[in-house]
Amino acid sequence: MTQSKDNLEKTRELISEESMKDLLTKQLEIVGSSGAFVWAIFFLCVTPNILNGFHVSSYTLLGHLPEDQWCGIDELRNSNWTLAQKRSISEHELNSAGCTVWDWDYQQLSQMSYEAALNYTSRMAAIKQPTVVSCKAKGSYEYSHPETTFVADWELTCERSIQRTSAQVSLSLGKFCGSFSFGILADKFGRKTSFTLGAVFFVVGSIFCSFSPWYSLFLIGRFALGAASSGLFYPAFTMIVENICLKHRSWMSIAFSASYPVGMILLAIAGYLIQPWRYLQLALTIPSLLLILNCYLMNESPRWLITKQRYDRVYQILFKQPSHYEVQPTVAPATEIVSDKKTLEPIPNDSLAKKLKNGPLKSIIELFANPKVRKLIFTSYFMFCVTSLSYYVTALNAANLSVSRYLYIIATGVVDIPSYLVPVIMLRYTGRRITTMFLFMWTGISLLLVLAVPAGSTTWIVAFAMLGRFGISATYSVVTLYTAELYPTEIRNSALGTCSTWAHVGSISAPYVVDVLGALGWYIPTTICGCCVLVAGLLTLTLPETGTGHLSDKVEDAPATIEETESKPEKQ
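Residue 20 is where the sequence shown starts when you use the working numbering, and the numbers rise one by one after that.
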C-alpha cells in the first residue's frame with residue numbers, strides 16, 4: 020500500500036496554479052449545471068431552512084396568553100362553592116383578568132354559604148369599599164388549559180407579563196448575534212463548518228426549550244435557536260449562490276426563501292394536532308436531528324476551497340477521484356533593490372485613532388462623512404427597521420386580531436409564498452425605486468384599512484392584515500437588493516451590515532409592539548406599522564434609481580438625489 024502511494028506521488032503531473040484554478044472552475048460550471056451535484060446541494064441546503072420557519076411564529080403557539088385566567092383564593096379551595104361563585108366574590112366588577120382581587124376575610128367567608136357570603140360582601144361594600152390587592156397576596160393564578168402555554172409554567176402574567184415577551188426577544192437577539200458571527204465563521208473556516216456549528220446550536224437549543232425546568236434556561240435555548248437560524252441560513256444560501264449555475268440559481272434562490280413559510284404552515288398543523296406546549300416543542304425538535312445527516316452528507320463549498328487553495332479536496336469533490344496533479348506554487352517576483360535613501364528612513368508610527376480611522380473604521384466613517392451617502396444611509400436604516408418591524412408584527416399579531424392562531428399562521432405562510440415571486444416580475448418592468456415605493460404603499464394602506472373595519476368583522480380585519488403581510492414580505496426581498504445597489508463598492512458591505520443591524524432593532528421591537536401596545540388597543544400594532552411603512556414609501560421617492568445605471572465604485576460617485584442621477588451622463 021505504501022509503495023503504491025509513493026508511485027502515485029512520483030507519477031503526479033505538474034500543473035500551474037492558474038491552470039488548476041481554471042480546470043476546477045470549468046468543472047464546477049459543468050457539474051453545477053445539472054445532475055446529482057445540483058440536487059444534492061439543493062435538498063441539503065433547503066430542508067434546514069424549513070426548520071427555521073418553525074420558529075418565526077412558534078412564540079404565538081408556545082407562549083400565548085391563556086384563554087381564561089383567574090385567581091384561586093387559598094381559603095376558598097375547600098369550600099363547596101362553584102368556580103363562578105368564587106370569582107363573583109373575589110373579582111366582582113374587577114376587569115383585571117384575575118391579576119387583582121378584593122381584600123376580603125376569605126377565611127370567614129369560607130364558613131358561610133355562597134348566598135350568605137354574597138349578602139355580607141354587598142352590605143360591607145355599601146358601607147366601605149375594600150381595598151384591591153394582588154392575587155399573589157391571597158392565592159395563586161389558575162388557568163384554563165394551562166398545559167398549552169409556557170405562561171402557566173412560570174406564571175408569566177400580570178406584573179410579570181413583560182417577561183413573556185422576552186421569549187421572542189431572545190430569539191431575535193440570537194439572530195442578531197448569529198447573523199454576523201456565523202458569517203465571519205463561514206468566510207474564515209468554511210461554509211460546512213459554519214453550517215455544522217449552526218446545526219449543533221439548533222439541536223441543543225431545541226432540547227433546552229423542550230425540557231427546561233427554568234425560564235432562564237428556556238430563554239438561553241431560544242437565543243441558541245435564533246443564532247442557529249442564522250448559522251443554517253447564510254452558509255446554506257451561500258452554497259447555492261456559489262456553486263449552482265445561473266440557469267438554476269434564480270429559481271433555487273426563490274425556492275430556498277419559500278421553504279421558510281413552508282415551515283410556518285407545518286408549525287400550525289403540528290400546533291393544532293399537539294396542544295401541550297412541551298410536546299409541541301419536542302415535535303419541533305425531533306426533525307432537527309436530521310441535521311446530523313445533512314452535516315454528514317454535505318461537502319464543503321468547492322468555490323470556497325478554491326479560494327483557500329485546497330485544490331486536491333476540490334478535485335476529489337468534483338471529479339469523484341483523487342487528484343493526479345501536483346500544483347506548482349506561483350513564484351513571487353524578486354524584490355527590487357532599494358536605492359532611494361528616503362525609502363530607508365523609518366516610517367513614523369501613527370496614533371491608534373489614526374490607524375482605526377484609516378483601517379477597520381474607514382468604511383463606517385465614510386457612510387456618514389460624505390453628505391450624499393449620509394442621506395442615503397439614514398433613509399436605508401429607516402427602511403430596514405420598518406420593514407423588519409412590520410414583518411414580525413404581522414407574524415405575531417394573531418391574539419390582537421382575535422383570530423384562531425392556527426389559521427392565522429397558516430394564512431401567513433400561504434401569503435408569503437407568492438410574495439417572493441411578485442417582486443421578480445415587478446423589478447423587470449418597473450425598476451427598483453418604483454417597485455419598492457409601490458410595495459411600501461401597498462403595505463401601509465392595507466394595514467391602515469384595518470382601522471376602517473368594525474372590531475367584530477374578523478374576516479375583513481384578517482384579510483387586510485394579510486394584504487399587508489403580502490406587501491411587507493415582498494418588500495423584504497426587494498429592499499436588500501435595492502440597498503446593495505445604492506452604495507459604492509468601497510462601502511457596500513459596511514452599508515448592508517449596518518442596515519442589517521437596524522433590521523434587527525425592528526425585529527427585537529416587534530414583540531413589545533404586539534404584546535405591550537396591543538394590550539392598550541388591538542389596532543395599535545397595525546396602525547403603527549402602517550404609518551411607518553407609508554413614511555418609508557415616501558422616503559423611497561428621494562432615492563435614485565439603480566436598475567438602469569451602472570454601479571458606482573467610489574464614494575465620490577454615489578448619487579444622493581434623483582436629480583443627480585438623471586443629470587449624470589450614462590457611460591457608453
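Don't be surprised by glycine CBs; every beta carbon is placed ideally from N, CA and C.
Tell me whether the beta-carbon of K45 lies closer than 8 Å to the beta-carbon of H523. Contact: no.
In angstroms with no decimal places, state the Cα-to-Cα distance between L102 and C518. L102 and C518 have their C-alpha atoms spaced approximately 53 Å apart.
Does the contact criterion of 3 or more C-beta pairs under 8 Å hold for the region 148-160 versus the region 86-93? Flag = yes, the region 148-160 and the region 86-93 touch.
Cβ contact (3+ pairs, closer than 8 Å) linking the region 420-437 and the region 275-291: The way I'd put it, the region 420-437 does touch the region 275-291; three or more beta-carbon pairs between them come closer than 8 Å.
May I ask you to list the residues that DSSP assigns as paired with L592? The structure shown does not extend to residue 592, since the chain is modelled only from 20 through 591, so no value can be given for it.
State yes or no: is the C-beta of T79 within less than 8 Å of the C-beta of A417? In this structure, A417 lies closer than 8 Å to T79 by Cβ.
Given this structure, state the Cα-to-Cα distance separating T304 from A205, to the nearest angstrom. In this structure, the alpha-carbon of T304 lies about 25 Å from that of A205.
Can you list the beta strand (DSSP E) stretches of 3 or more residues lying completely in the region 273-346, in chain order? Runs of the beta strand (DSSP E) inside the region 273-346: none found.
Checking 8 Å against the spacing of the C-beta atoms, do G540 and F459 come in under that value? For G540 and F459, no; Cβs fall outside 8 Å.
Does L308 pass the burial test, meaning 16 or more other C-beta atoms within 10 Å, or should it be called exposed? Exposed: under 16 other Cβ atoms inside 10 Å.
Touching by the beta-carbon criterion (3+ pairs, under 8 Å), the region 468-480 and the region 244-252: With a cut-off of 8 Å, the region 244-252 and the region 468-480 do not count as touching, because too few Cβ pairs lie within range.
Using only CA atoms, which one of Q148, E345, G549 and N313 lies nearest to E112? For E112, the nearest C-alpha among the options comes from Q148.
Taking the DSSP output, what are the residues bridged to W89? For W89, the pairing in a beta bridge is given by DSSP as E161.
Give me the Cα-Cα distance between L190 and G245, rounded to the nearest whole angstrom. C-alpha separation (whole angstroms): 4 Å.
Out of curiosity, what's the CA-to-CA distance linking K339 and G51? Spanning the two alpha carbons is a distance of roughly 14 Å.
Could you check how far apart the C-beta atoms of M283 and T431 are, in whole angstroms? I think they sit under 8 Å. That belief holds up - the Cβ atoms of M283 and T431 are roughly 6 Å apart, short of 8 Å.
Note down, in chain order, each residue of its chain lying with its Cβ closer than 6 Å to the Cβ of Y162, except the 5 sequence neighbours on either side. Same-chain partners within the cutoff: P85, Q88 and A171.
Count the other CB atoms, across all protein chains shown, that sit within 10 Å of the CB of A243; report buried if there are 16 or more and exposed otherwise. Of the other Cβ atoms in all chains shown, 16 or more fall within 10 Å of the Cβ of A243; this residue is therefore buried.
What residue does the alpha helix (DSSP H) around W461 start on, and which one ends it? Following the DSSP letters along the chain, one finds W461 inside the alpha helix (DSSP H) bounded by residues V441 to L467.
From the DSSP output, read off the bridge partner residues of V120. For V120, which the question treats as bridged, DSSP gives the partners V152.
Closest by C-alpha distance to Q294, when choosing among F256, S77 and E37: Minimum Cα distance to Q294 is reached at S77.
Residue range of the unbroken alpha helix (DSSP H) whose run includes E261: Y234 to N262 is the span of the alpha helix (DSSP H), which, as asked, contains E261.
For M485, which of helix, strand or coil comes out of DSSP? The answer is helix: DSSP assigns M485 an H, G or I state.
Is it true that the CB of R451 sits closer than 8 Å to the CB of T565? Cβ atoms of T565 and R451: closer than 8 Å.
Hey, how far is the Cα of T499 from the Cα of I436? The alpha-carbon atoms of T499 and I436 are separated by roughly 18 Å.
Helix, strand or coil for R15 per DSSP? The first residue shown for the chain is 20 and the last is 591, placing residue 15 beyond what the model contains.
When the Cβ atoms of the region 439-455 are set against those of the region 386-396, are three or more pairs found closer than 8 Å? The count of Cβ pairs closer than 8 Å, one atom from the region 439-455 and one from the region 386-396, stays below three, leaving the stretches out of contact.
Which same chain residues end up closer than 7 Å to A255 when comparing Cβ atoms and leaving out the 5 residues on each side of it in sequence? Excluding residues within five positions, the ones whose Cβ falls inside 7 Å are C64, P67, N68 and F214.
Hey, A514 and V441 are a contact pair by Cβ (cut 8 Å); roughly how many whole angstroms apart? Not really, about 26 Å apart at Cβ, beyond 8 Å.
So for W541, helix, strand or coil by DSSP? W541 sits in coil when the DSSP states are folded into three classes, being neither helix nor strand.
Contacts around G82, its chain only, beta-carbon distance under 7 Å, and the 5 residues preceding and following it disregarded: In chain order, T168, F169, V170, R183 and A186 place their CB closer than 7 Å to the CB of G82, counting only its own chain and leaving out the 5 sequence neighbours on each side.
Given a threshold of 16 other Cβ atoms within 10 Å of its Cβ, counted over all protein chains shown, does F387 qualify as buried or as exposed? The residue is exposed, with fewer than 16 neighbouring Cβ atoms inside 10 Å.
For A218 versus L337, is the C-beta spacing smaller than 8 Å? Cβ distance not < 8 Å, so A218 and L337 don't count as in contact.
Using the three-state DSSP reduction, which class does Q187 fall into: helix, strand or coil? Collapsing the DSSP output to three states places Q187 in a helix.
Determine the contact status of E32 and Y344, defining contact as a CB-CB distance below 8 Å. In contact: E32 and Y344 (Cβ atoms closer than 8 Å).
Could you check whether the Cβ of L536 sits closer than 7 Å to any heavy atom belonging to the ligand ZN? Among the components of this structure there are no ligands whatsoever, and the ligand ZN is therefore not found.
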